[in-house]
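Worksheet: the structure to be examined is printed underneath.
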Ligand code: NAD
């Protein structure tokens with residue numbers, strides 16, 4: 003059974019995920035390039051390591067939660083990469099959202115060395131990371147996913163096995179592409195109603211109970227004043243940023259290009275988020291701020 007875990011990348015997501023592993027009784031050795039992130043992890047009960055290589059010594063599993071495919075490939079592959087120093091019995095779990103091809107490359111290289119590996123990107127955001135209620139979408143062999151389950155269960159509420167290596171990443175970007183599309187459609191429909199004299203709350207109730215009902219209307223209404231405790235209620239601060247949505251839509255479009263799939267609404271969603279997120283201050287806002295693209299000054 004897995005007891006000792008090396009955790010690499012203790013940012014907005016990795017920090018609270020590692021804290022939950024500690025809470026559930028795992029012994030966690032942490033490494034991050036950022037000293038403040040590492041100090042925060044130590045205050046949550048993690049052991050600090052001086053490098054990624056030293057963090058994996060004696061680990062039963064390594065969990066990585068990094069910003070990009072480049073960072074994940076840099077961590078594991080090549081000269082000085084973790085695959086060269088990891089014990090073959092150490093399970094590799096990468097929870098970062100990266101291109102499926104990058105995930106497959108890392109997992110194939112791990113498999114060549116006899117190391118079990120899986121991609122396990124998450125859905126749920128920082129609140130779910132803190133609450134331990136993330137959804138994991140796993141790609142890899144049954145044996146690798148089954149070994150990872152107790153670790154993932156300590157950080158999440160749902161564990162899905164999507165398919166072979168890279169499938170977790172594919173599931174994740176399919177979901178987020180659809181999320182972008184229905185969020186934009188919801189904002190567009192709400193604005194059409196408001197521009198024609200409807201109250202956005204009344205219209206939201208009607209559509210929720212009708213065939214236009216969807217997750218954005220149920221849980222994450224983009225129109226200010228309709229719901230409490232959503233980013234729209236606080237000028238779109240916090241939540242899931244436009245920047246991260248753009249990253250995921252970029253991965254979706256790359257994947258679509260690779261498989262020659264037709265994704266017209268995904269392409270349009272990416273374009274609209276690019277238009278909306280031209281300013282860095284806006285890219286930091288929650289993605290439901292796309293409502294502002296449709297809102298017009300009073301009187302127009
Ligand atoms: P973040 O930028 O807050 O954290 C990333 C951390 O990785 C930073 O602390 C950084 O210093 C560290 N890091 C970068 N390269 C490193 C390296 N080579 N070695 C060690 N540490 C390194 O990002 P985040 O919000 O925690 O997101 C992490 C991943 O989770 C991303 O792939 C993101 O797309 C995905 N994700 C994020 C959310 C969210 O709501 N934030 C939701 C779902 C998925």
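Residue numbers (UniProt numbering): 3 to 302.
Here a beta-carbon is modelled for each residue, glycine too, at the ideal position from N, C-alpha and C.
Whole-Å CB distance - residue i paired with residue j, under 8 Å assumed
| i | j | result |
| --- | --- | --- |
| residue 84 | residue 54 | 6 Å |
| residue 257 | residue 172 | 7 Å |
| residue 20 | residue 33 | Contact doesn't hold; Cβ gap of about 10 Å is too wide. |
| residue 26 | residue 156 | 4 Å |
| residue 234 | residue 223 | 6 Å |
| residue 44 | residue 31 | That pair is no contact at about 11 Å. |
| residue 182 | residue 251 | 6 Å |
| residue 147 | residue 180 | Incorrect: roughly 24 Å between the Cβ atoms, too far for contact. |
8 Å Cβ cutoff, residue i in contact with chain D
| i | result |
| --- | --- |
| residue 267 | The structure shown contains no chain D; it is built from a single protein chain. |
Sub-8 Å separation of residue i and residue j beta-carbons
| i | j | result |
| --- | --- | --- |
| residue 199 | residue 167 | no |
| residue 92 | residue 65 | no |
| residue 206 | residue 228 | yes |
| residue 17 | residue 37 | no |
| residue 2 | residue 107 | Residue 2 lies beyond the range of the chain shown here (3 to 302); nothing can be said about it. |
Residue i versus residue j - alpha carbon distance
| i | j | result |
| --- | --- | --- |
| residue 164 | residue 218 | 24 Å |
| residue 241 | residue 124 | 15 Å |
| residue 105 | residue 59 | 23 Å |
| residue 145 | residue 97 | 17 Å |
| residue 247 | residue 15 | 15 Å |
| residue 264 | residue 185 | 20 Å |
| residue 255 | residue 102 | 12 Å |
| residue 154 | residue 297 | 41 Å |
| residue 269 | residue 56 | 43 Å |
| residue 115 | residue 253 | 28 Å |
Burial state of residue i, where buried means 16 or more other Cβ atoms lie within 10 Å
| i | result |
| --- | --- |
| residue 221 | exposed |
| residue 149 | buried |
| residue 273 | exposed |
| residue 112 | buried |
| residue 204 | exposed |
| residue 86 | exposed |
| residue 80 | exposed |
| residue 131 | buried |
| residue 285 | buried |
| residue 90 | exposed |
| residue 194 | exposed |
| residue 237 | exposed |
| residue 189 | buried |
Item to complete: Could you pull out every unbroken alpha helix (DSSP H) segment of at least 4 residues lying fully inside the stretch 153-232, listed in chain order?
Response: 169-197, 202-210 and 217-221
Fill in: Runs of alpha helix (DSSP H) wholly within the stretch 47-71 (minimum 4 residues, chain order)
54-57
Discussion item. Which runs of the alpha helix (DSSP H) at least 4 residues long sit entirely within the stretch 237-284? Give them in chain order.
Written reply: Qualifying alpha helix (DSSP H) stretches, in chain order: 244-261 and 266-278.
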